[in-house]
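As given, the protein sequences belong to chains H and X, one line each in that order.
Position one of the first sequence corresponds to residue 2 (my numbering), numbered consecutively onward.
Position one of the second sequence corresponds to residue 2 (my numbering), numbered consecutively onward.
Cβ coordinates follow ideal geometry from the N, Cα and C atoms, glycine included.
Notes to accompany the following structure.
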Amino acid sequence: MRAMRLTGRVHKFGDDINTDYIISGKYKFKTLDMQELARHVMEDLDSEFAQKVRPGDFIAAGKNFGCGSSREQAPRALLACGIRGVLAKSFARIFFRNAINCGLFVVECDTDRIENGDEVTVDLERGEVVNLTRGVTLFVPPLPQVMIDILREGGLVNYFKKYGSFEKA
Amino acid sequence: MAEKIFERKVGKPVHPGDIVVAPVDWAMGQDGTTPLAIQSFEEMNGKSVFRPDRVVFVIDHNAPSPLESVSRLHDLMRSFAQRFGIRVFEVGEGVCHELMMSRGLVVPGDLVVGADSHTCTYGAIGAFSTGIGSTELAVVMMTGKLWFKVPESLCIRLSGELPPGVFAKDVILHIAALLGADGATYQAIEFHGPVVERLSVEERATLTNMAVEVGAKAGMVPPDEKTIRWVRERTDRPFEVVLPDPDAVYAKILDVDCSGLVPQVAFPHRVDNVRPITEALGIPVREAFVGTCTNGRIPDLEVVARILRGRKVHPEVRLIVAPASKETFLVALERGWVRDIVEAGGVFVPPGCGPCVGTHQGIPGDGWNVISTANRNFRGRMGNREASIYLASPATVAASAIEGKIADPRKYLG
């Protein structure tokens, strides 16, 4: 069982961050090596991003994070780069599912209350984000049970090895 | 319509927001997503594929392979497919979404998942189809099922009549502007109205293809006689058409009068950054691209050939054309469109995704403007973050290729 509570430092981005920005097609088609892909995460928006990330950091963004392509390399490369979760006002649906399936926290909340460099604690058990730097608590709408169960196992691969189907959970 | 398809698949009433586990009719993976699915399949100790005859792999995104590492990933797909008896559409067969429809695999009422976001295209023939991730594809291969959240439906009524020189692509770009890049997140879009009824199945696919660009889970057109005829020409597989109830409840109804529409252009670097052609005229272009799952089909190549016939592509422009499938290419060859386009100065690349995804076959140079019939214009999408991509209809792309700047196609279609 994975912890449903994590604390980390935030890197802030804007609205509509698409999966091409997270990991460009020119890299993702070439390899299954996520460490290699991790070096190019967010490269088209910030060429030094991968070097800035410390293990356990979060991304906070505006609306529609992860729009565009269905590439599961997007959440996987974020994880490989050290990012543990993404906080956003809203998410594109395929990315949201892929993130949960890879064990990446995806958290819907009012990210206007979070600035670059803030320290936050995400607690998906309680459904809240606490911005430790600013002393504000943000509400997180509950996830469907199936997603919580997948996240608890650290992703769909582990979930499936344990349960063998979606109906047995 | 989406609800009714899920009801049929799970055998009980469902409502928007419900989480259901449903059996899928087809699962598709392409060469950018399938290798990761195979890896997940192995990690989950997968031993068998539930229905190998309903799984399809397509090598289209990076085909023919430009690199040895890509060739290895393609071989991984081939050997996995051979081990389990899965059909592979090889290099040059065409774009996955075109093949799933035009080869008679998907039929109306099917529930289809594909590890590619533009899987939503098959709603053009009344299937519910949606994009998934690689690990989900692995699970579907193992079990034949996936969990879904039943979406709400958004009704878009397209009334009036499309003026000459204005196409399905212009309509969907206009809709992207109205809704925004997240305007239909988690919803199923249904396209209704006389404009849709008059469109061919291929043109309807341009609409449904881009549903994901406004966040939708699916884009669907209620099947009509034209759909049934189109599908029957391709397969004998029995199907039952699913139509929306006359009293269907929609989250929202959007009325769009198409009579006054002009050609539309999506400006960099957002699909919803759309302006009328009048505001784009004169922007210089260095590359023009016709193709993709949005606009690489027969009507698209036809209009491009018609505009280019007897004319020349501007010397500063590289016009690249990727037919959506081998069959499309052969039709273009038989009808003389290949000659029209090549003599004008265009170059054909193999049927497939071509330069749309930034891997090969037309990566733009620094500072270039590209005008493209594709569905995405994100910075770096075509492989160079220093280039800018404008999206438009095939007619607008052809006219712009001639002039070396964004041009109004209507003067070539008089």
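**Message:** For X/G292 and X/I407, which I take to be in contact (beta-carbon distance under 8 Å), what is that distance rounded to the nearest angstrom?
**Reply:** As a first step, residue 292 of chain X must be located in the second sequence, where it is residue number 291. As a first step, residue 407 of chain X must be located in the second sequence, where it is residue number 406. Their Cβ separation, rounded to whole angstroms, is 18 Å, which puts X/G292 and X/I407 out of contact at 8 Å.
**Message:** Quick check: the Cα distance between X/L112 and H/D119, rounded to an integer number of angstroms?
**Reply:** Position 111 of the second sequence holds residue 112 of chain X. Position 118 of the first sequence holds residue 119 of chain H. X/L112 and H/D119: Cα-Cα distance of roughly 44 Å.
**Message:** According to DSSP, is X/I407 part of a helix, a strand, or is it coil?
**Reply:** Start at 1 with the first residue of the second sequence, and residue 407 of chain X comes out as number 406. Here DSSP, grouped into helix, strand and coil, assigns X/I407 to coil.
**Asked** Name the chain X residues that come within less than 7 Å of H/N113, Cβ to Cβ?
**Response** Working through the first sequence from its first residue, we reach residue 113 of chain H at position 112. It should be noted that the sequence gives Asp, not Asn, for residue 113 of chain H. Near H/D113 there are no residues of chain X at all, since even the closest Cβ is about 16 Å away, more than 7 Å.
**Request:** Take the Cβ of X/I254 as the centre, count every other Cβ of all protein chains shown within 10 Å, and call the residue buried at 16 or more, exposed below.
**Result:** On the second sequence, position 253 is the one that residue 254 of chain X refers to. Burial call: exposed.
**Asked** Are the beta-carbon atoms belonging to X/T277 and X/V263 less than 8 Å from one another?
**Response** As a working mapping, residue 277 of chain X is identified with position 276 in the second sequence. As a working mapping, residue 263 of chain X is identified with position 262 in the second sequence. In the sequence on display, residue 277 of chain X carries Pro and not Thr. In contact: X/P277 and X/V263 (Cβ atoms closer than 8 Å).
**Item:** alpha helix (DSSP H) segment containing H/N181, residue limits
**Value:** The structure shown does not extend to residue 181 of chain H, since chain H is modelled only from 2 to 170, so the question has no answer here.
**Proximity to X/G405 [Cα-Cα], best of X/I364, X/L334, X/K313, X/T360** = The residue labelled residue 405 of chain X in the question sits at position 404 within the second sequence. When each option's Cα is compared against that of X/G405, the closest is X/K313.
**Prompt:** For X/P277, which of helix, strand or coil comes out of DSSP?
**Reply:** Reading the second sequence from its first residue, position 276 is the one you call residue 277 of chain X. Three-state DSSP puts X/P277 in a strand.
**Message:** Assuming contact is defined by CB atoms lying nearer than 8 Å, are H/N176 and H/D34 in contact in what I supplied?
**Reply:** Given that chain H is displayed from residue 2 to residue 170, the structure contains no residue 176 of chain H and the question cannot be resolved.
**Secondary structure of X/A436, DSSP reduced to three states** = There is no way to answer for residue 436 of chain X, as the model of chain X reaches only from 2 to 415.
**Prompt:** Just by C-beta distance, which residues in the stretch 49–64 of chain X are closer than 7 Å to chain H?
**Reply:** H62, N63
**Asked** Cα separation between X/G366 and X/R52?
**Response** As a first step, residue 366 of chain X must be located in the second sequence, where it is residue number 365. As a first step, residue 52 of chain X must be located in the second sequence, where it is residue number 51. Each residue's Cα considered, the two are about 45 Å apart.
**Item:** Extent of the continuous beta strand (DSSP E) to which X/N370 belongs
**Value:** Counting from one through the second sequence, the residue named residue 370 of chain X turns up at place 369. 370–373 is the extent of the beta strand (DSSP E) around X/N370.
**Prompt:** So the beta strand (DSSP E) X/M29 belongs to, where does it begin and stop?
**Reply:** Locating residue 29 of chain X in the second sequence gives position 28, where the first residue counts as 1. Counting along the chain, the beta strand (DSSP E) containing X/M29 begins and ends at 27–31.
**Item:** Alpha carbon of H/F96 to alpha carbon of H/G156, nearest angstrom
**Value:** Indexing the first sequence from 1 puts residue 96 of chain H at position 95. Indexing the first sequence from 1 puts residue 156 of chain H at position 155. For H/F96 and H/G156, the distance between alpha carbons rounds to 14 Å.
**Message:** Is the separation between the beta-carbon of X/C207 and that of X/I173 shorter than 8 Å?
**Reply:** Here residue 207 of chain X corresponds to residue number 206 of the second sequence, with the count starting at 1. Here residue 173 of chain X corresponds to residue number 172 of the second sequence, with the count starting at 1. Checking the displayed sequence, the identity of residue 207 of chain X turns out to be Thr instead of Cys. A contact, by the Cβ cut-off of 8 Å.
**Request:** Determine the closest residue to X/G216 out of H/G67, H/G9, H/T8, H/M2, with distance taken between C-alpha atoms.
**Result:** The residue given as residue 216 of chain X occupies position 215 in the second sequence. Out of H/G67, H/G9, H/T8, H/M2, H/G67 has the C-alpha closest to the C-alpha of X/G216.
**Request:** Using a Cβ cut-off of 8 Å (strictly closer), state whether X/D117 contacts chain H.
**Result:** The count along the second sequence starts at 1 and reaches residue 117 of chain X at position 116. Judged by the 8 Å Cβ criterion, X/D117 is in contact with chain H.
**Item:** Residues near H/R72 by beta carbon distance below 6 Å, same chain, minus five either side
**Value:** What you label residue 72 of chain H is simply residue 71 of the first sequence in a count that begins at 1. Around H/R72: T20, K29.
**Message:** Let me confirm a value: H/Q36 is counted as buried when at least 16 other C-beta atoms fall within 10 Å, else exposed. Which label applies?
**Reply:** Residue 36 of chain H sits at position 35 when you count from the first residue of the first sequence. The residue is exposed, with fewer than 16 neighbouring Cβ atoms inside 10 Å.
**Message:** For a quick check, are the C-beta atoms of X/I321 and X/V304 less than 8 Å apart?
**Reply:** Here residue 321 of chain X refers to the residue found at position 320 when the second sequence is read from its first residue. Here residue 304 of chain X refers to the residue found at position 303 when the second sequence is read from its first residue. Cβ distance not < 8 Å, so X/I321 and X/V304 don't count as in contact.
**Item:** Beta bridge counterpart(s) of H/T20 as assigned by DSSP
**Value:** As a position in the first sequence, residue 20 of chain H is number 19, starting the count at 1. Beta-bridge pairing links H/T20 to no other residue.
**Item:** Residue environment, H/A4, which counts as buried when at least 16 other CB atoms sit within 10 Å
**Value:** Translated into positions along the first sequence, residue 4 of chain H becomes position 3. By the Cβ-count criterion, H/A4 is exposed, with fewer than 16 other Cβ atoms from all chains shown falling within 10 Å of its own Cβ.
**Request:** Taking a Cβ distance cut-off of 7 Å, strictly less, list which residues of the stretch 26–57 of chain H are near chain X, in chain order.
**Result:** G26, K27, K29, F30, K31, T32, L33, D45
**4 or more residues per run - each alpha helix (DSSP H) lying fully within the stretch 216–266 of chain X** = 226–233
**Asked** If you run the structure through DSSP and keep just helix, strand and coil, what is X/C156?
**Response** Here the question's residue 156 of chain X lines up with position 155 in the second sequence. Looking at X/C156 - three-state DSSP - the assignment turns out to be strand.
**Request:** With a threshold of 16 other CB atoms inside 10 Å of the CB of X/S394, please say whether the residue is buried or exposed.
**Result:** The count along the second sequence starts at 1 and reaches residue 394 of chain X at position 393. The residue in question, X/S394, is buried, as its Cβ has 16 or more Cβ neighbours within 10 Å.
**Item:** Closest Cα partner of H/R181 within the set X/V89, X/E137, X/I157
**Value:** The requested residue 181 of chain H is not part of the displayed model; chain H covers only 2 to 170.
**Item:** Every unbroken alpha helix (DSSP H) within the stretch 44–127 of chain H, with a cutoff of 4 residues, ordered by chain
**Value:** 50–53, 74–82, 94–103
**Prompt:** Is the Cβ-Cβ distance between X/V92 and X/P65 less than 8 Å?
**Reply:** As a working mapping, residue 92 of chain X is identified with position 91 in the second sequence. As a working mapping, residue 65 of chain X is identified with position 64 in the second sequence. When the beta-carbon positions are compared, X/V92 and X/P65 come within less than 8 Å of each other.
**Request:** Determine, using beta-carbon pairs with one atom in the stretch 125–136 of chain X and one in the stretch 21–40 of chain X, whether at least three such pairs fall under 8 Å.
**Result:** yes
**Message:** What are the residues in the stretch 173–188 of chain X lying within 9 Å of chain H by C-beta distance?
**Reply:** G181, A182, D183, T186, Y187
**Request:** Specify the secondary structure class of X/R9 as computed by DSSP and reduced to three states.
**Result:** Counting from 1 along the second sequence, the entry for residue 9 of chain X is found at position 8. Here X/R9 sits in helix by DSSP.
**Request:** Take X/V197 as the anchor and find which of X/D256, X/E153, X/D183 has the nearest alpha-carbon.
**Result:** On the second sequence, position 196 is the one that residue 197 of chain X refers to. Among X/D256, X/E153, X/D183, the Cα nearest to that of X/V197 is on X/D256.
**Request:** Spell out a yes or no on whether the stretch 54–71 of chain X and the stretch 20–32 of chain X are touching, meaning 3 or more CB-CB pairs, one atom from each, closer than 8 Å.
**Result:** Touching, yes, given that three or more Cβ pairs across the two stretches are closer than 8 Å.
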